[in-house]
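Engineer:
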Amino acid sequence: MAVLQDESQIQTPVLPLAEFLVDFIEKPTRAIMHQKARFLLIEKGKGTILVDGQGFPLKAPCLIAVTPYSITDIIEVDDSLSMEIIAYDYRRLSQTIKGLNGSNQDKADLLTQIHKNPVVMLNEMELSAIQSIYEILRVELTSSYEILSNEEKPLHQIYILNKLIELVVLYRRYSSDAGSTRQDRSVKDPKHILSYMYAHSFDKLTLEKLSTIFFLSESKIIKTIHDLTGLSFGELIERIQMDKLKSILLYTDMNLDEIAHLMGYVDASHVSKHFVQTMGISPIAFRKQYQNLSKGESQSNQELALQVTEYIYNHYHDPSLTISRMASKFGVSEKQLNTAMTFFVEKKLDQLLHKVRINKACELILMGEETILDVALDVGYSNVKTFNIHFNEITGMSPSVYRKTISLQLKDGKEIRAE
Numbered sequence: 419m420a421v422l423q424d425e426s427q428i429q430t431p432v433l434p435l436a437e438f439l440v441d442f443i444e445k446p447t448r449a450i451m452h453q454k455a456r457f458l459l460i461e462k463g464k465g466t467i468l469v470d471g472q473g474f475p476l477k478a479p480c481l482i483a484v485t486p487y488s489i490t491d492i493i494e495v496d497d498s499l500s501m502e503i504i505a506y507d508y509r510r511l512s513q514t515i516k517g518l519n520g521s522n523q524d525k526a527d528l529l530t531q532i533h534k535n536p537v538v539m540l541n542e543m544e545l546s547a548i549q550s551i552y553e554i555l556r557v558e559l560t561s562s563y564e565i566l567s568n569e570e571k572p573l574h575q576i577y578i579l580n581k582l583i584e585l586v587v588l589y590r591r592y593s594s595d596a597g598s599t600r601q602d603r604s605v606k607d608p609k610h611i612l613s614y615m616y617a618h619s620f621d622k623l624t625l626e627k628l629s630t631i632f633f634l635s636e637s638k639i640i641k642t643i644h645d646l647t648g649l650s651f652g653e654l655i656e657r658i659q660m661d662k663l664k665s666i667l668l669y670t671d672m673n674l675d676e677i678a679h680l681m682g683y684v685d686a687s688h689v690s691k692h693f694v695q696t697m698g699i700s701p702i703a704f705r706k707q708y709q710n711l712s713k714g715e716s717q718s719n720q721e722l723a724l725q726v727t728e729y730i731y732n733h734y735h736d737p738s739l740t741i742s743r744m745a746s747k748f749g750v751s752e753k754q755l756n757t758a759m760t761f762f763v764e765k766k767l768d769q770l771l772h773k774v775r776i777n778k779a780c781e782l783i784l785m786g787e788e789t790i791l792d793v794a795l796d797v798g799y800s801n802v803k804t805f806n807i808h809f810n811e812i813t814g815m816s817p818s819v820y821r822k823t824i825s826l827q828l829k830d831g832k833e834i835r836a837e
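The sequence shown begins at 419 in the working numbering and counts up by one.
#1: Which runs of the alpha helix (DSSP H) fall wholly inside the segment 744 to 773 and span at least 4 residues, in chain order?
#2: Tell me whether the segment 453 to 466 and the segment 492 to 512 touch, counting them as touching only if at least three CB pairs, one residue from each stretch, are closer than 8 Å.
#3: Note down the Cα distance separating residue 634 from residue 593, rounded to an integer number of angstroms.
#4: Could you tell me how far apart the beta carbons of residue 793 and residue 807 are, in whole angstroms, since I believe they sit closer than 8 Å?
#5: Starting from residue 506, follow the alpha helix (DSSP H) in both directions and report where the run begins and ends.
#6: If I measure Cβ to Cβ from residue 818 and keep anything under 7 Å in the same chain, skipping five residues before and after, which residues do I get?
#7: If you reduce the DSSP assignment to three classes, tell me which class residue 701 lands in.
#8: Using only alpha-carbon positions, find the residue among 795, 821, 770, 760 that is nearest to residue 781.
#9: How about residue 476 and residue 450: are their beta carbons less than 7 Å apart?
#10: Excluding the 5 residues preceding and the 5 following residue 556 in the sequence, name in chain order all residues of the same chain whose CB lies nearer than 7 Å to its CB.
#11: Under 7 Å between the Cβ atoms of residue 503 and residue 446?
#12: Apart from the five residues on each side of it in sequence, which residues of its chain come closer than 6 Å, Cβ to Cβ, to residue 838?
#13: Any heavy atom of the ligand GDP closer than 6 Å to the beta-carbon of residue 437?
#14: Let me know if residue 548 comes out buried or exposed under the rule of 16 or more other beta-carbons within 10 Å of its beta-carbon.
#15: Is the CB-CB distance between residue 775 and residue 734 below 7 Å?
#16: Whose C-beta lies closer than 8 Å to the C-beta of residue 725 among residues of the same chain, with five residues either side of it excluded?
#17: Looking only at DSSP bridge pairs, what is residue 477 linked to?
#18: Can you tell me whether DSSP reads residue 437 as helix, strand or coil?
#19: Which word fits residue 785, buried or exposed, when buried means at least 16 other C-beta atoms lie within 10 angstroms of its C-beta?
#20: Spatial neighbours of residue 689 within its chain, please: CB distance less than 6 Å, with the 5 preceding and 5 following residues excluded, ordered by chain position.
#21: Report buried or exposed for residue 516, applying the criterion of at least 16 other Cβ atoms within 10 angstroms of its Cβ.
#22: Out of curiosity, what's the CA-to-CA distance linking residue 551 and residue 755?
#23: Alpha carbon to alpha carbon, what distance is there between residue 779 and residue 727?
#24: Report, in whole angstroms, the separation of the C-beta atoms of residue 614 and residue 481, which I expect to be a contact under 8 Å.
#25: Residue 537 by DSSP, collapsed to three states: which one?
#26: From residue 586 to residue 630, what does the alpha carbon distance come to, in whole angstroms?
#27: Does residue 442 pass the burial test, meaning 16 or more other C-beta atoms within 10 Å, or should it be called exposed?
#28: Which of helix, strand or coil does DSSP assign to residue 556?
#29: With distances taken from CA atoms, which of 541, 637, 695, 626 is nearest residue 657?
#30: Identify which residue in 729, 648, 655, 489 has its Cα closest to the Cα of residue 471.
#31: DSSP on residue 586, reduced to helix/strand/coil?
#32: What runs of the alpha helix (DSSP H), each 4 residues or longer, lie entirely inside the segment 622 to 689?
#33: Where residue 637 and residue 815 are concerned, what is the direct C-alpha to C-alpha distance, given to the nearest angstrom?
#34: Among residues of its own chain, excluding the 5 on either side of residue 798, which ones have a beta-carbon nearer than 7 Å to its beta-carbon?
#35: Would you kindly work out how many angstroms separate the C-alpha atoms of residue 536 and residue 581, rounded to a whole number?
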């Protein structure tokens with residue numbers, strides 16, 4: 419059973435940018451679902467941790483990265499673990515990175531590396547660099563409130579963002595340096611078929627090749643892909659290649675001939691024909707339209723996405739909240755609204771709305787004071803059927819099962835489990 423950490427800030431997008439915490443673990447913990455992203459620096463101790471069900475050895479010094487709604491469970495403690503924790507606002511950090519001038523694919527994908535390698539062992543030089551950032555953040559995050567009586571130091575938020583970005587960059591580099599070892603250790607896990615396909619989509623993947631790599635039958639590979647995505651093998655390959663093609667168009671200046679050579683197309687005309695059939699727009703037109711988001715229109719679209727996000731967090735319980743209504747309210751087209759939301763928030767408007775509603779529903783369900791129908795109505799759904807569909811899509815289980823298997827951990831350490 420996983421414990422859902424209580425983050426009351428989920429009701430509003432105005433979150434503290436980061437927090438500094440210290441923890442000591444002497445025995446195995448209960449599984450915890452984190453609502454806030456964090457970095458855990460293990461400076462002493464030895465044990466084993468599960469991150470979203472995958473086991474990793476913990477041996478100081480190491481750095482653990484946890485994204486929102488990941489589940490961690492320290493299942494073995496061979497030697498007491500001492501850790502320092504930087505909890506941070508994932509959304510704001512991600513938006514800042516994407517809003518940097520000259521955005522490219524590396525910046526856009528920076529935080530996704532965390533999903534691939536959540537635990538990184540550190541050598542002496544790497545540890546020193548991470549400790550330096552941690553010490554600066556510790557001083558900034560504690561003294562700015564305690565010493566200055568709630569008055570922030572000059573450029574406090576910018577300084578914290580700067581250090582958080584530096585921490586993420588170092589994590590990306592260190593995890594990339596050690597990535598081959600981790601990939602070799604876990605590549606045979608069927609859960610990693612999708613990430614393997616994405617990483618090797620230029621390699622002319624076949625079912626036979628995947629079957630050999632993962633020691634599974636071709637029929638098992640097909641079933642696993644369908645269970646995870648609802649797509650066939652061919653459909654998934656098609657989608658991955660299109661996603662990569664869009665990224666190359668958006669974040670590079672490669673011409674269509676160069677892209678064709680890189681991705682295995684016959685020629686530039688083949689690239690263009692395939693793109694038009696799938697997207698309904700030529701690759702050149704797509705590039706001109708969407709590259710504006712990382713150039714002159716970046717700031718205005720970022721502001722739009724943030725304003726819409728704030729409105730959703732404050733009005734998610736309104737059942738009449740729709741993309742057409744939001745587009746009208748903010749004076750933009752539905753297409754422009756979704757374009758800005760997808761780039762800066764990584765979700766279309768309806769996806770974010772359902773995510774916020776279901777997150778709040780999870781909290782209400784675990785409090786155990788309302789029926790499932792009441793919870794559905796409270797978070798903005800007009801009927802329980804629609805609520806159940808979106809709840810299952812986001813949590814992977816029905817509301818009733820969720821109520822029976824998950825408990826809520828409050829900030830004072832107490833736990834609430836709805837019976």
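The beta-carbon is built from N, C-alpha and C at its ideal position, and this holds for glycine as well.
Structural biologist: Quick answer:
#1: Listed in chain order, they are 752 to 762.
#2: Yes, the segment 453 to 466 is in contact with the segment 492 to 512.
#3: Straight-line measurement puts the Cα of residue 593 at about 28 Å from the Cα of residue 634.
#4: In fact, because the Cβ distance is near 14 Å, the residues do not count as touching under 8 Å.
#5: Counting along the chain, residue 506 falls outside any alpha helix (DSSP H), though it belongs to the beta strand (DSSP E) covering 489 to 506.
#6: Around residue 818: 790.
#7: Here residue 701 sits in helix by DSSP.
#8: Among 795, 821, 770, 760, the Cα nearest to that of residue 781 is on 821.
#9: Contact: no.
#10: Excluding sequence positions up to five before and after residue 556, its CB lies within less than 7 Å of the CB of 438, all in the same chain and listed in chain order.
#11: Not closer than 7 Å, so no.
#12: Nothing about residue 838 can be reported from this structure: the residues present for the chain run from 419 to 837 only.
#13: Annotation note on the ligand GDP: not contained in the displayed structure, which lists no ligands.
#14: Buried, since its Cβ has 16 or more Cβ neighbours within 10 Å.
#15: Contact: yes.
#16: Cβ within range, chain order: 748.
#17: Beta-bridge annotation (DSSP): residue 477 is paired with 464.
#18: It is a strand residue.
#19: Residue burial is scored here from C-beta neighbours: residue 785 has fewer than 16 other C-beta atoms within 10 angstroms and is therefore classed as exposed.
#20: Within the same chain, residue 689 has close Cβ partners 674, 677, 678, 683.
#21: That one is buried.
#22: Residue 551 and residue 755: Cα-Cα distance of roughly 37 Å.
#23: Each residue's alpha carbon lies about 18 Å from the other.
#24: Their Cβ separation, rounded to whole angstroms, is 24 Å, which puts residue 614 and residue 481 out of contact at 8 Å.
#25: Correct three-state label for residue 537: strand.
#26: In this model, residue 586 and residue 630 are separated by some 35 Å (Cα to Cα).
#27: Residue 442 comes out exposed.
#28: Residue state, collapsed to three classes: helix.
#29: The residue with the shortest Cα to Cα distance from residue 657 is 695.
#30: Relative to the Cα of residue 471, the nearest Cα in the group 729, 648, 655, 489 belongs to 489.
#31: Note: residue 586 maps to helix in three-state DSSP.
#32: Contiguous alpha helix (DSSP H) elements confined to the segment 622 to 689 occur at 625 to 632, 636 to 647, 651 to 669, 674 to 681, taking only those with 4 or more residues.
#33: Distance between the alpha carbons of residue 637 and residue 815: 26 Å.
#34: Excluding residues within five positions, the ones whose Cβ falls inside 7 Å are 734, 735, 736, 737, 739, 775.
#35: Between residue 536 and residue 581, the C-alpha separation is close to 19 Å.
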